[in-house]
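Undergrad:
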Amino acid sequence: MTAEFVRLEVADGVGTIRLDRPKAMNAISIQVQDELALAAAEATDRGDIRAVVLWGGEKVFAAGNDVKEMASMSYTDMVDRVEKLQHAVNAIARIPKPVVAAINGYALGGGCELTLAADVRFAADSAVLGQPEILLGIIPGAGGTQRLPRLVGPSKAKDLLYTGRFVKADEALAIGLVDRVVPAADVYAEAVAWASTFATAAPYALRAIKESVDRGLEVDLETGLQIERHSFTAIFATEDSRTGMQSFIENGPGKATFEGR
Ligand code: CO8
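Heads up, the sequence shown stops at 337 in the numbering used here, and the numbers go up one at a time, no gaps.
1. Any idea if residue 296 is buried or exposed, counting beta-carbon neighbours within 10 angstroms, 16 or more meaning buried?
2. Only counting the same chain, and skipping five residues up and downstream in sequence, which positions put a Cβ closer than 6 Å to that of residue 269?
3. Looking at residue 180: is its Cβ nearer than 8 Å to the Cβ of residue 203?
4. Taking the beta strand (DSSP E) that residue 254 falls in, what are its first and last residues?
5. What first and last residue would you give for the alpha helix (DSSP H) that runs through residue 111?
6. Helix or strand or just coil, what does DSSP make of residue 325?
7. Buried or exposed for residue 318, please, with buried defined as at least 16 other CB atoms from any protein chain shown within 10 angstroms of its CB.
8. Counting along the chain, where does the beta strand (DSSP E) carrying residue 199 start and finish?
9. So the candidates are 288, 265, 188 and 282; which of them puts its Cα closest to the Cα of residue 241?
10. In this structure, does DSSP put residue 177 in helix, strand or coil?
11. In the DSSP output, which residue or residues are listed as bridge partners for residue 131?
12. Pick out the complete alpha helix (DSSP H) segments inside the segment 275–320, 4 residues or longer, and give them in chain order.
13. Can you grab the Cα-Cα spacing for the pair residue 173 / residue 196, in whole Å?
14. Based on the DSSP secondary-structure assignment, which residues constitute the bridge partners of residue 102?
15. For the beta strand (DSSP E) containing residue 205, list its first residue and its last residue.
16. Can the beta-carbon of residue 89 be found closer than 8 Å to that of residue 278?
17. Buried or exposed for residue 351, please, with buried defined as at least 16 other CB atoms from any protein chain shown within 10 angstroms of its CB.
18. On a CA-only basis, which of 145, 194, 335 and 137 is nearest residue 98? Give me that one, please.
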């Protein structure tokens, strides 16, 4: 993929979606959002990508939506813009493979919301997260009022959304906003190491787990269990189930190597 601010780099089964707009702290402009959607589509489609790392480089994850671009927008401009932004973030959230956000520096506003679209978040000990939209007199528009409370609970989410305060890595870990805190120089490598564990894992089973968890969170328990039943039975129509169980019988647990799609 050739794009100016969002690159997709692939090595050993892991695709890295790399934000690279350093002059504006990786601020998410219309162009960045469109390039993110394209990268998500490519990461979804490519069989040689088994897991994805979302990264903004060593200095900053993303300081939010591009405030300079947004400042002059009208209501009618924004109707279209916010739909496209949510489309891009949803495209990341729906990549049917494990996705980890590797967070160096600031992940604010739309940047924080982008990390919420990943399955797990690894943060540098110096990382800073937050939803400071309220300080601009606006509200989150890329899922922050929805995904944040689902992740950390409504009262912690409201504290962050109402105040716009910045959260350091240790507090982010304590409230479940991130899952692992490591030295800044190691974040990307740790995320790649996590993603690499899926390079020979069962792709259809991983996809079914992701779909069942994510869709199940939106519905009542009985409907969620029904989703799980359907996913579970569907897996018996794939090579994953045959490969995994046959390998267990022949070689013992955890030895199976699974083909990509
Ligand atoms: N947008 C545009 N430019 C930015 C942004 C941003 N969000 N953040 C930083 N920049 C630019 C600065 O303007 C500056 O540019 P220049 O050198 O040309 O003056 C450059 O990046 C460096 O920034 P600073 O000099 O401010 O660097 P500091 O280290 O002093 O501060 C901060 C870094 C703390 C990150 C600070 O820049 C800051 O507070 N940035 C804004 C953070 C913010 O409010 N984010 C939320 C934005 S709103 C949002 O994300 C809404 C999401 C949903 C909207 C849906 C719309 C469709």
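Even for Gly, the Cβ is constructed at its ideal location relative to N, Cα and C.
TA: Taking the definition as stated:
1. exposed
2. none
3. yes
4. It is not in any beta strand (DSSP E) - residue 254 carries neither H nor E in the DSSP assignment.
5. 106–121
6. helix
7. exposed
8. 196–200
9. 188
10. strand
11. 94 and 178
12. 279–292 and 297–311
13. 12 Å
14. Answer by DSSP bridge pairing: none, since residue 102 is not bridged.
15. 204–206
16. no
17. Look at the range of the chain in this structure, 77 to 337, and you will see that residue 351 is not part of it.
18. 137
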